[in-house]
Amino acid sequence: MKYTVLLCLSLALVLFSCEKEDFTGKRSSEELSGSIDGAFSGAIGSSTGNSGQAGDTTIQAGQLTAGEWNDLENWDFWTELIAKDTLSEYPGFWRFNRLDRVSLKVSQQNGNPLANAEALLLGPNEEVLWRTRTDNAGRAEFFPNLMEAGTSQPARIKVSHLGQSYFLNNVQFYEAGVNELTIPVSGANSQNADVFFVFDATGSMSDELEYIKV
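The sequence shown stops at residue 231 when you use our numbering, and every number in between is there.
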């Protein structure tokens with residue numbers, strides 16, 4: 018009997034303590050949102066470019082949503098992020114040399130972007146530093162010192178279209194602006210598009226994968 022009374026008293030004290038401290042093991046969505054946002058902003062700090070902040074956070078649970086993120090469109094944010102704390106180790110792991118970026122936009126004389134044109138970034142001796150193709154917006158990106166040791170200085174850009182070559186001299190790095198080239202051709206943009214889907218299939222994406230299966 019004595020032990021039963023002591024056990025009941027102990028349980029009562031535990032329950033009272035939990036109630037007093039509101040120890041439910043749960044936190045409201047507002048509290049969680051605030052703590053996560055605060056930790057995120059504190060870890061990143063201010064940025065000279067786009068802030069990388071999340072969009073609408075008021076969407077109700079249970080809905081399938083979509084979003085877009087492009088590191089190239091948030092370049093200042095991304096370069097600041099990759100330079101912080103443990104993330105700063107990854108460029109070496111990826112064997113990156115330098116993140117020097119050269120950005121190009123190619124347009125036709127009618128103002129339409131020139132898509133799928135070969136674009137070469139050339140060095141002082143006409144050596145090819147980077148090879149790529151323009152996207153559907155006429156944009157192309159070059160990273161001349163990404164994988165090779167050294168600091169190659171771009172001299173000009175060569176764009177090839179329908180057997181003709183066009184050159185842009187006085188190339189500048191992205192920090193100084195986007196290099197723009199207009200070529201003397203006009204044509205309608207293709208309405209065909211190659212679409213592919215890439216899914217992050219790690220365990221942390223299980224909820225998203227279940228939504229896709231529906």
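Glycine included, each C-beta is placed from N, C-alpha and C at the ideal position.
By the criterion of a C-beta distance shorter than 7 Å, residue 148 is surrounded in its chain by 137, once the five residues flanking it on both sides are discounted. In the three-state reduction of the DSSP assignment, residue 91 falls in the helix class, which pools H, G and I. The C-beta distance from residue 96 to residue 121 rounds to 19 Å, too long to meet the 8 Å contact threshold.
For the pair residue 106 and residue 197, the Cα-to-Cα distance works out to about 34 Å.
For the pair of segments examined, the region 87-95 was found not to touch the region 168-177: the number of CB pairs separated by less than 8 Å stays below three. DSSP places residue 183 in the uninterrupted beta strand (DSSP E) bounded by 181-186.
When secondary structure is reduced to three states using DSSP, residue 131 falls in the coil class, being assigned neither helix nor strand. If you draw a 10 Å sphere on the C-beta of residue 191, you find 16 or more other C-beta atoms in it, and that means buried. Under the DSSP assignment, residue 110 falls in the alpha helix (DSSP H) whose first and last residues are 107-110. Rounded to the nearest whole angstrom, the C-alpha separation of residue 157 and residue 124 is 12 Å. Here residue 161 really is in contact with residue 146; their C-beta atoms are around 4 Å apart, less than 8 Å. In this model, residue 82 and residue 208 are separated by some 26 Å (Cα to Cα). With contacts defined by Cβ atoms closer than 8 Å, residue 140 and residue 172 form a contacting pair. Judged by beta-carbon spacing, residue 150 lies within the 8 Å limit of residue 133, meaning their Cβ atoms are closer than that value. Per DSSP, the continuous beta strand (DSSP E) segment holding residue 158 begins and ends at 156-159. By the criterion of a C-beta distance shorter than 6 Å, residue 159 is surrounded in its chain by 119, 138 and 147, once the five residues flanking it on both sides are discounted.
In this structure, DSSP gives residue 104 a helical state, which the three-state scheme calls helix.
With respect to the C-alpha of residue 129, the residue from 182, 102 and 200 having the closest C-alpha is 200. DSSP places residue 150 in the uninterrupted beta strand (DSSP E) bounded by 145-150.
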